[in-house]
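Student: Input: one structure, supplied below.
In my numbering, the protein residues as written are 1222 to 1832.
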């Protein structure tokens, strides 16, 4: 079975616990040797102190014997008596000291007790000798000296034995101290050696099990960055193995993402390219062959100005310079010269990268869209000239019939005339709305921007729908002061408000009221038109502003209208730089159509005449 690397937590515990256990053992051994050495020092000191005190007792005893001899010839017995008391006291002190030292040592205590008894007898005989000397008892003195001599010999013999025992103890403890010092030095050396061996062993194990595997991970990161194949997977169940597994999963995901990115880059319909700061193509995807007839190899190193139609070069280069200067995102249009020298209309989307010093671009072929725009323009011109003009002529003729310019009509004739006139007017209104919308979207509709009073706009709008409101039995009112001056096209704003008021009146029940609120915002004005009609479902509050969109399918038949009014309102408001929308009325009853307009026109001065 193959060895499995333990988790890092266990390795860390081993790295800490093993040296710590040894250090604790090592410390205990040193403490034990130190205590042993202290005990040996204490034993030696004890033997030395006992020996010193015994020798002192012997000296004091000899001094007292000498004092007893000198008493016989002294002329001052009192002085001799005082000296003897001092010696007795010192002997007692020394005896007490030895007694304290040998306490707890049975053999020493037994030997000293015998010595102490002999010493006490010697002191008694000395006291008898002193008394015999004072009384002049010669026989008593001789007898005392004879007994003292025997006791002294015996006392000295016992004390010598104890001193020899203490000397032997000293020698033994000194030998033990030497051995302990040697053991201490050996333990210290072995401890340091084992410490080094443990550190080296753990270092080797850690390197083999951790550092080497971490180096493999680091190598794999470099291989991943260089696009090389990764080293074999790290085996085991520890954290490093799991990290390697996660890293490989990440590498696989990155490879998959790169593969998809390459597939997107290589299979994209649009031309995706990067352009360096000198305006040269750095990389181009294969779509350039399909769109421009130029291979990526042909384009790399080529200046972008070399493939742009000469009339568009300056504008293109200026736009690129602006994007680079602003370090931002931008778009522009131009015409590219294909390999067959034909032109293709392109819409470029570009983003400058300051880190890469590169302009990343996506070029989309809009040739078909341009052709559609030209067809739209032709259609608008055709409708305007070939359809609206004849309809206006028909309307004029019908008005003449109604004025009996060609004679009187029967009652049925007048009814048919009225129906025909309504149909022609409805058709002309539809054509006008459609033409207006197309002009707005194509940028051909003129806006006459001027100082405009919102009160005047609302008053004109109400005047245009007042008859329709009376027929529908709906009242139209303005709440508050609407005198707000802004820069806008007065007639187009009236067109917007009339459309919104017409819808509000059209869908309001009889006897209800349509109200207009005007509110000033920091840099804009907001107009709310409230009705008490059926409202607009939430799912249609965005789509209601699209062409030919009605809340209900039969609204066009029941309520009339072309379905273009709200689309025109949206186009006009957005061309002014504003916003338009709808929200539910109070308590979810009716609708509130609103729009906001900036107080200052947001279109550039050169564009105020065209949108």
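Backbone N, C-alpha and C fix where the C-beta goes; we use that ideal spot for every residue, glycine too.
Just checking my contact of residue 1816 with residue 1748 at CB under 8 Å: how many whole Å lie between their CB atoms?
Tutor: Confirmed, about 6 Å.
Student: Residue 1613 lies in the alpha helix (DSSP H); which residues open and close that run?
Tutor: Counting along the chain, the alpha helix (DSSP H) containing residue 1613 begins and ends at 1610-1623.
Student: Quick check on the DSSP output: the alpha helix (DSSP H) that includes residue 1517 runs from which residue to which?
Tutor: Where residue 1517 is concerned, the enclosing alpha helix (DSSP H) stretches over 1517-1520.
Student: Cβ of residue 1384 within 8 Å of Cβ of residue 1316?
Tutor: Taking 8 Å as the Cβ cut-off, residue 1384 and residue 1316 do not qualify as a contacting pair.
Student: Can you give the Cα-Cα distance for residue 1553 and residue 1529, rounded to whole angstroms?
Tutor: Roughly 13 Å separates the two Cα atoms.
Student: Residues in its own chain within less than 8 Å of residue 1694 by CB, not counting five upstream and five downstream?
Tutor: Answer for residue 1694: 1731, 1732, listed in chain order.
Student: Would you kindly work out how many angstroms separate the C-alpha atoms of residue 1779 and residue 1532, rounded to a whole number?
Tutor: Here the model assigns residue 1779 a pLDDT of 49, short of 50, so the residue's position is not dependable, and the following value carries that caveat. Rounded to the nearest angstrom, the two C-alpha atoms are 54 Å apart.
Student: Can you give the beta carbon distance from residue 1766 to residue 1727, rounded, assuming they're within the 8 Å contact cut?
Tutor: Not quite, the Cβ-Cβ distance comes to about 17 Å (not below 8 Å), so this is no contact.
Student: Suppose only complete runs of 3+ residues qualify. What are the beta strand (DSSP E) ranges in the region 1693-1726, listed by chain order?
Tutor: The qualifying runs are 1696-1700, 1706-1709.
Student: Which residues bound the alpha helix (DSSP H) around residue 1510?
Tutor: Segment 1508-1513, the alpha helix (DSSP H) holding residue 1510.
Student: Check residue 1753 in the structure and name its three-state DSSP category.
Tutor: Coil.
Student: Considering only the alpha carbon of each residue, which of 1698, 1657, 1653, 1260 lies closest to residue 1398?
Tutor: That would be 1260, whose Cα lies nearest to the Cα of residue 1398.
Student: Please report how far the alpha carbon of residue 1518 lies from the alpha carbon of residue 1486, in whole angstroms.
Tutor: Straight-line Cα distance between these residues: approximately 15 Å.
Student: For residue 1281 and residue 1336, what's the separation of their Cα atoms in angstroms?
Tutor: If you take the alpha carbons of residue 1281 and residue 1336, they lie about 14 Å apart.
Student: Pick out whichever of 1701, 1720, 1760 has its Cα sitting closest to the Cα of residue 1741.
Tutor: The option with the nearest alpha carbon to residue 1741 is 1701.
Student: So does the region 1678-1689 actually touch the region 1752-1761, counting three or more Cβ pairs closer than 8 Å?
Tutor: They do not touch, by the three-pair rule.
Student: Counting pairs of beta carbons, one from the region 1674-1688 and one from the region 1700-1714, are three or more of them closer than 8 Å?
Tutor: In short, these stretches touch, since the Cβ pair count reaches three.
Student: With a threshold of 16 other CB atoms inside 10 Å of the CB of residue 1797, please say whether the residue is buried or exposed.
Tutor: Its Cβ being crowded by 16 or more others within 10 Å, residue 1797 is buried.
Student: How should residue 1803 be labelled, buried or exposed, when 16 other C-beta atoms within 10 angstroms of its C-beta is the threshold for buried?
Tutor: It counts as buried.
Student: Tell me which residues share the same chain as residue 1388 and place their Cβ nearer than 8 Å to its Cβ, disregarding the 5 neighbours each side in the sequence.
Tutor: Counting only Cβ-Cβ distances below 8 Å, and skipping sequence neighbours, we find 1268, 1272.
Student: For residue 1832, count neighbouring C-beta atoms within 10 Å of its own C-beta (all shown protein chains included) and say buried if the count is 16 or more, exposed if not.
Tutor: Low per-residue confidence applies at residue 1832: pLDDT is 34, beneath 50, and the placement is therefore not dependable enough to give any value.
Student: Excluding the five sequence neighbours on either side, which residues of its own chain have a C-beta within less than 7 Å of the C-beta of residue 1233, listed in chain order?
Tutor: Once the five neighbours on either side are set aside, residue 1233 has no close Cβ partner at all.
Student: Once DSSP output is grouped into helix, strand and coil, what is the label at residue 1564?
Tutor: Correct three-state label for residue 1564: strand.
Student: Run through DSSP, which three-state label would residue 1326 get?
Tutor: Coil.
Student: Should the region 1499-1513 be called in touch with the region 1590-1604, which here means at least 3 C-beta pairs below 8 Å?
Tutor: Segments in contact, no.
Student: Using the DSSP secondary-structure output, state which residues sit across from residue 1554 in a beta bridge.
Tutor: The partner list for residue 1554 (beta bridge, DSSP) reads 1568.
Student: By Cβ distance below 8 Å, which residues in the same chain neighbour residue 1254 in space, the five residues on each side in sequence not counted?
Tutor: The residues are 1401, 1404, 1405, 1408.
Student: So residue 1469 packs on residue 1454, CB below 8 Å; how close in whole Å?
Tutor: Contact holds; Cβ gap of about 7 Å.
Student: Go ahead and label residue 1457 buried or exposed: buried means 16 or more other beta carbons lie within 10 angstroms of its beta carbon, across all protein chains shown.
Tutor: Buried, by the Cβ-count rule.
Student: For residue 1821, which of helix, strand or coil comes out of DSSP?
Tutor: Looking at residue 1821 - three-state DSSP - the assignment turns out to be coil, as it is neither helix nor strand.
Student: On the DSSP bridge list, what partners appear for residue 1524?
Tutor: For residue 1524, which the question treats as bridged, DSSP gives the partners 1501.
Student: Determine which residues share a DSSP beta bridge with residue 1674 and list them.
Tutor: Bridge partners of residue 1674: 1706.
Student: If you follow the alpha helix (DSSP H) that residue 1437 is part of, which residue opens it and which one closes it?
Tutor: First-last of the alpha helix (DSSP H) with residue 1437: 1433-1447.
Student: Can you grab the Cα-Cα spacing for the pair residue 1248 / residue 1413, in whole Å?
Tutor: Taking the straight line from one Cα to the other gives about 12 Å.
Student: Is the beta carbon of residue 1525 less than 8 Å from the beta carbon of residue 1500?
Tutor: Cβ distance < 8 Å, so residue 1525 and residue 1500 count as in contact.
Student: Name the two residues that bound the continuous beta strand (DSSP E) containing residue 1585.
Tutor: Looking at the DSSP string, the run of the beta strand (DSSP E) that includes residue 1585 is 1579-1586.
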